[in-house]
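Structure first, then comments.
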Amino acid sequence: MTKRGWIDNPSAALKIGEGFRLADVDPDSTPGYRGDKHSGAKDLASGFEELDELQERLFADSRAGVAKDSVLLVLQAMDSAGKGGIIRHVVGGVDPQGVTLAAFGAPTAEELSHDFLWRVEKHLPKPGFIGVFDRSHYEDVLVAKVRDLAEPAEIERRYGAINDFEARIAASGTRIVKVMLHISPEAQKKRLMERLDRPDKHWKFNPADTDDRLLWPDYMEAYQAMFERTSTDFAPWHVVPADSKWYARLAVQELLLEALEDIDPQWPAANFDIEAERARLEAS
Ligand code: AMP
Ligand code: MG
Numbered sequence: 009m010t011k012r013g014w015i016d017n018p019s020a021a022l023k024i025g026e027g028f029r030l031a032d033v034d035p036d037s038t039p040g041y042r043g044d045k046h047s048g049a050k051d052l053a054s055g056f057e058e059l060d061e062l063q064e065r066l067f068a069d070s071r072a073g074v075a076k077d078s079v080l081l082v083l084q085a086m087d088s089a090g091k092g093g094i095i096r097h098v099v100g101g102v103d104p105q106g107v108t109l110a111a112f113g114a115p116t117a118e119e120l121s122h123d124f125l126w127r128v129e130k131h132l133p134k135p136g137f138i139g140v141f142d143r144s145h146y147e148d149v150l151v152a153k154v155r156d157l158a159e160p161a162e163i164e165r166r167y168g169a170i171n172d173f174e175a176r177i178a179a180s181g182t183r184i185v186k187v188m189l190h191i192s193p194e195a196q197k198k199r200l201m202e203r204l205d206r207p208d209k210h211w212k213f214n215p216a217d218t219d220d221r222l223l224w225p226d227y228m229e230a231y232q233a234m235f236e237r238t239s240t241d242f243a244p245w246h247v248v249p250a251d252s253k254w255y256a257r258l259a260v261q262e263l264l265l266e267a268l269e270d271i272d273p274q275w276p277a278a279n280f281d282i283e284a285e286r287a288r289l290e291a292s
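Using my numbering, the letters of the sequence shown correspond one by one to residues 9 to 292.
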């Protein structure tokens, strides 16, 4: 069943399938959604209320010690594609005590001395939580491949290690929502230029982003290989066109909603005698 302006379930519209080609996805399209920026804003607000309640139920279960499930949102993208906006405008709407956020930059010396999954494992969401990865273990098959930070054989090993890792966490109750925000190089240029034009955005600019930009085709190739090797039934990839920020936010919100609806968290039952407590409070 679909709702709001969605004509297709967002997961169905955005999940990559057999024969998927990243090059065929138009970053300026709005798959599965019938509507514009204006209706998108209304739908985002309505979806937000649902997300807020589902997340509160999930978190309540964790407090009551009965939560088994969690959600892990993995965000991957070229710079300026809007990861930060998703975190602020989609995830940022729910109660922060039920959210764990981890951003992964270039690994430290200590992290490099361990297997690439070591630093990621530590940040997996506990039952009852929504975890968000702003970049992830996938950098180890993206930037690592593009910049030759690891041997090809090691990159090959990592695809398999990632699938084993994700199978394990999915089996333990984590819904893994993997999203690549797909921006066009033209839109990225505009956004990076704006970061240079505006003093309040200089902090977001990193000269290395332009270096990555020059390697665009290599990155797209690495993403394509990543999709082919690590999109699984238990943790499929979704490619979300991201030239329209409003669409990307709406789409990721719906993917999160689908994951939470699948968990279907229930308000935990009281672990005390309600009538007795009512009487005691009355008399106090
Ligand atoms: P940002 O997300 O814009 O703060 O940038 C973080 C930077 O860290 C990006 O340039 C990533 O490519 C880089 N990074 C993240 N993970 C890794 C990794 N495992 N190996 C090398 N670079 C990484
Ligand atoms: Mg950046």
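Note that CB positions come from ideal geometry on N, CA and C, so glycine has one too.
Task: Reference Tyr227, options Lys153, Leu268 and Val247, closest by Cα - done: Taking the sequence shown and counting its residues from 1, one reaches residue 227 at position 219. When only C-alpha atoms are compared, the closest one is Lys153.
Open item on the list: Is any non-hydrogen atom of the ligand AMP found closer than 7 Å to the C-beta of Ala216, if you look at the structure I gave you?
Closed with: Your numbering for residue 216 matches position 208 in the sequence shown. Yes, the ligand AMP has a heavy atom inside 7 Å of this Cβ.
Task: Identity of the residues DSSP links to Arg71 by a beta bridge - done: Translated into the one-based positions of the sequence shown, residue 71 becomes position 63. For Arg71, which the question treats as bridged, DSSP gives no partner whatsoever.
Task: Spatial distance of Glu26 from Val33 (CA atoms) - done: Within the sequence shown, residue 26 is the residue found at index 18, counting from 1. Within the sequence shown, residue 33 is the residue found at index 25, counting from 1. If you take the alpha carbons of Glu26 and Val33, they lie about 14 Å apart.
Task: Buried versus exposed call for Ser239 [16 or more other C-beta atoms within 10 Å across all chains shown] - done: Along the sequence shown, one-based indexing puts residue 239 at 231. By the neighbour-count rule (16 or more Cβ atoms within 10 Å), Ser239 is buried.
Task: Residue ranges of each alpha helix (DSSP H) within the stretch 191-223, 4 or longer - done: Counting whole runs of 4 or more residues, the stretch 191-223 contains the alpha helix (DSSP H) stretches 193-205 and 215-222.
- [ ] Output yes or no for whether 8 Å exceeds the beta carbon distance between Val140 and Leu52.
- [x] The residue you call residue 140 lines up with position 132 of the sequence shown. The residue you call residue 52 lines up with position 44 of the sequence shown. Against a cut-off of 8 Å, the Cβ pair of Leu52 and Val140 comes out as no contact.
TODO: Could you pull out every residue in the same chain whose Cβ sits closer than 8 Å to the Cβ of Asp217, ignoring the five residues on either side in sequence?
DONE: Mapped onto the sequence shown, residue 217 falls at position 209. Cβ within range, chain order: Asp87, Ser88 and Leu200.
Open item on the list: With a threshold of 7 Å on Cβ separation, who are the neighbours of Trp275 within its own chain once the five nearest residues in sequence on each side are excluded?
Closed with: Counted from its first residue, the sequence shown places residue 275 at position 267. Here the set comprises Arg65 and Ala68.
Open item on the list: Does the beta-carbon of Val151, which I'm using as the reference point, lie nearer than 7 Å to any heavy atom of the ligand AMP?
Closed with: Translated into positions along the sequence shown, residue 151 becomes position 143. Result yes, Cβ under 7 Å from the ligand AMP.
TODO: Please find out if some non-hydrogen atom of the ligand AMP comes closer than 7 Å to the beta-carbon of Glu129.
DONE: Residue numbering aside, residue 129 sits at position 121 when the sequence shown is read from its first letter. Answer for Glu129: no, Cβ out of range of the ligand AMP.
Open item on the list: Counting C-beta neighbours from all protein chains within 10 Å, is the total for Asp148 16 or more, i.e. buried, or is it exposed?
Closed with: Counted from its first residue, the sequence shown places residue 148 at position 140. Under a 10 Å Cβ-count criterion, Asp148 is classified as buried, with 16 or more other Cβ atoms of the shown protein chains found around its own Cβ.
Task: the ligand AMP heavy atom lying under 7 Å from the CB of Leu80 - done: Sequence index remark: in the sequence shown, residue 80 carries index 72 (1-based). A distance criterion of 7 Å places the beta-carbon of Leu80 beyond contact range of the ligand AMP, judged by its closest non-hydrogen atom.
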